[in-house]
Amino acid sequence: MIDYRRCFFFLLAGIVIFNGCARRVVKPPVEKLTVLVSPDLTTEDLAKMANLVQMRRSEETVLWLAAGRILLDKEAVALTQGEAEISVLNAAGVDALVFTPEWLRFGLIRTKGLIDRANFRVLCSNLDDTLGLPVAHPWLIKRRVGVTAVMPDFGLLPLRLNGVKFVSASYAASRALTLLRTKADFNTLVLPAGESLHTAGYDLVLVTAKDRITCYQLTLVGGSLSDVLKTAVSLQGLEPLPEVKSKIDSIYKSVKEIADEPVVETRVKISPRVLTKAVIEGILSLRFLDAFVYDSTSFVTDTIYPGTITKGKLINSFSDPGRLVIFNLEGEEIEKLQKEPNVKVQVRKGLPLGRLMARKVYQVGTTASFVMAHPEIAVNRFELSERQLWEYAFDILQAQGRR
16 MIDYRRCFFF
26 LLAGIVIFNG
36 CARRVVKPPV
46 EKLTVLVSPD
56 LTTEDLAKMA
66 NLVQMRRSEE
76 TVLWLAAGRI
86 LLDKEAVALT
96 QGEAEISVLN
106 AAGVDALVFT
116 PEWLRFGLIR
126 TKGLIDRANF
136 RVLCSNLDDT
146 LGLPVAHPWL
156 IKRRVGVTAV
166 MPDFGLLPLR
176 LNGVKFVSAS
186 YAASRALTLL
196 RTKADFNTLV
206 LPAGESLHTA
216 GYDLVLVTAK
226 DRITCYQLTL
236 VGGSLSDVLK
246 TAVSLQGLEP
256 LPEVKSKIDS
266 IYKSVKEIAD
276 EPVVETRVKI
286 SPRVLTKAVI
296 EGILSLRFLD
306 AFVYDSTSFV
316 TDTIYPGTIT
326 KGKLINSFSD
336 PGRLVIFNLE
346 GEEIEKLQKE
356 PNVKVQVRKG
366 LPLGRLMARK
376 VYQVGTTASF
386 VMAHPEIAVN
396 RFELSERQLW
406 EYAFDILQAQ
416 GRR
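Under our numbering, read the sequence shown as residues 16 to 418, first letter to last.
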């Protein structure tokens with residue numbers, strides 16, 4: 016007769032033994048990460064973007080990469096030299112700013128100081144100083160996700176600034192990846208809009224957009240990319256984040272107070288031609304330049320009417336009121352520039368023989384926008400003036416006003 020109780024006991028024991036020996040199937044962890052990449056933004060759109068990011072962060076993990084500049088007016092740029100931009104980005108809560116060459120127009124020392132004051136990472140892995148130290152931050156790591164950015168050689172003027180060493184983008188990207196692999200499970204390379212780079216090994220390459228906010232929704236399984244959904248994001252209908260808007264308003268209030276400070280009183284109308292002549296002759300009299308080259312149609316763009324000339328009026332009268340570009344050219348090359356349409360050359364008084372000599376090297380000054388518009392100028396390296404153009408003009412006009 017079958018002992019059913021004994022059979023049940025042996026069956027139960029077998030199940031227990033089997034379960035004890037069987038391998039447990041451990042599912043790899045699934046993680047979600049949203050990466051928001053913003054282009055150039057107005058201050059209003061920056062405040063709206065900050066609101067969008069704040070709302071999303073309440074529900075998901077968000078990484079905000081600012082891949083463009085904040086579009087401030089000419090006065091704010093000239094009077095703060097990048098500090099206003101850093102301040103509003105700090106307030107907005109970006110995780111990282113993708114470094115662009117335009118930051119170098121403030122000078123290397125100031126650029127480094129601005130980066131130090133940022134509460135976020137400023138990404139660029141292929142710009143070093145003469146000591147071989149990175150100008151910006153080589154990477155960002157968030158939740159085991161590594162992000163780095165490189166700047167292809169656009170041939171842009173700022174890359175030839177003395178003190179800056181441009182490293183091959185491909186080499187720098189590979190170098191950064193080697194280090195990131197020791198710190199992160201998933202690695203991303205960020206490139207400027209329209210650029211491509213043949214660098215193997217990155218899990219994802221993000222190419223920034225010039226005119227839209229891009230959202231990448233990443234699904235990572237066991238540290239590997241399982242899915243990526245790319246969509247465009249609109250700020251329509253969003254309100255500016257109050258604390259960011261308040262910071263922007265505060266900055267513009269401070270800028271306006273400085274911009275309204277008087278420079279000098281004038282009883283006559285000052286045309287662009289008259290102001291150009293006075294400023295260039297005044298700069299050359301300081302004797303740190305031998306010659307000044309400029310476009311006669313765009314160096315000074317506004318007429319100044321009788322009354323008080325304020326700092327703001329002075330800044331806005333120049334098409335490019337920032338720091339001067341200083342480089343060396345032979346006299347023959349300077350003479351060639353005068354053959355270009357609208358290009359004028361003013362030579363410092365007191366030069367030997369009173370003229371430019373073909374094979375002699377001279378120190379030449381101009382604006383950054385002029386050099387950008389004339390790529391035929393053979394400039395290998397250059398320096399920036401200690402002060403901005405409008406600041407030299409400020410001193411020159413005040414000195415003439417006291418006469």
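Glycine residues also receive a C-beta, built at the ideal position from the N, C-alpha and C atoms.
Note that the structure is predicted; figures quoted are calculated from it, not measured.
Roughly how many angstroms separate the alpha carbons of residue i and residue j, rounded to a whole number?
i, j, result
"Glu117", "Met372", "34 Å"
"Cys36", "Gln232", "At Cys36, the pLDDT of 47 sits below 50, so the modelled position is not reliable; the number obtained from the coordinates is stated separately. Taking the straight line from one Cα to the other gives about 40 Å."
"Thr76", "Val259", "21 Å"
"Met166", "Phe333", "29 Å"
"Arg227", "Glu254", "18 Å"
"Arg158", "Thr197", "14 Å"
"Ile349", "Pro367", "16 Å"
"Asp410", "Val289", "16 Å"
"Ala208", "Ala82", "9 Å"
"Ser102", "Leu78", "19 Å"
"Phe397", "Leu148", "20 Å"
"Ala91", "Ile266", "8 Å"
"Leu80", "Leu123", "23 Å"
"Lys271", "Ile324", "14 Å"
Residue i by DSSP, collapsed to three states: which one?
i, result
"Phe181", "strand"
"Trp405", "helix"
"Pro367", "helix"
"Val270", "helix"
"Ile392", "coil"
"Thr229", "strand"
"Gly35", "The pLDDT assigned to Gly35 is 48, lower than 50, so where the model puts this residue is not dependable; a value taken from the coordinates is nonetheless given after this. DSSP places Gly35 in helix when its eight states are reduced to three."
"Asn357", "coil"
"Asn105", "helix"
"Tyr377", "strand"
"Leu123", "helix"
"Phe114", "coil"
"Val283", "coil"
"Arg84", "coil"
"Phe314", "coil"
Per DSSP, residue i forms a beta bridge with which residues?
i, result
"Tyr217", "In the DSSP output, where bridge partners are listed per residue, Tyr217 has none listed."
"Gly297", "In DSSP, Gly297 forms no bridge with anything."
"Asn202", "Gly161"
"Trp79", "Leu51"
"Glu46", "Leu235"
My understanding is that residue i touches residue j, with C-beta atoms under 8 Å, so please give their C-beta distance in whole angstroms.
i, j, result
"Asn357", "Ser311", "5 Å"
"Ile263", "Lys89", "Their Cβ separation, rounded to whole angstroms, is 16 Å, which puts Ile263 and Lys89 out of contact at 8 Å."
"Lys359", "Tyr309", "6 Å"
"Leu129", "Gly97", "5 Å"
"Ala191", "Thr163", "4 Å"
> How about the stretch 238 to 255 and the stretch 283 to 299: do they share at least three Cβ pairs that are nearer than 8 Å?
Replying inline: no
> Should the stretch 378 to 386 be called in touch with the stretch 334 to 344, which here means at least 3 C-beta pairs below 8 Å?
Replying inline: yes
>> Assess contact between the stretch 212 to 226 and the stretch 68 to 75, defined as three or more Cβ pairs (one per stretch) separated by less than 8 Å. Is contact present?
In response: no
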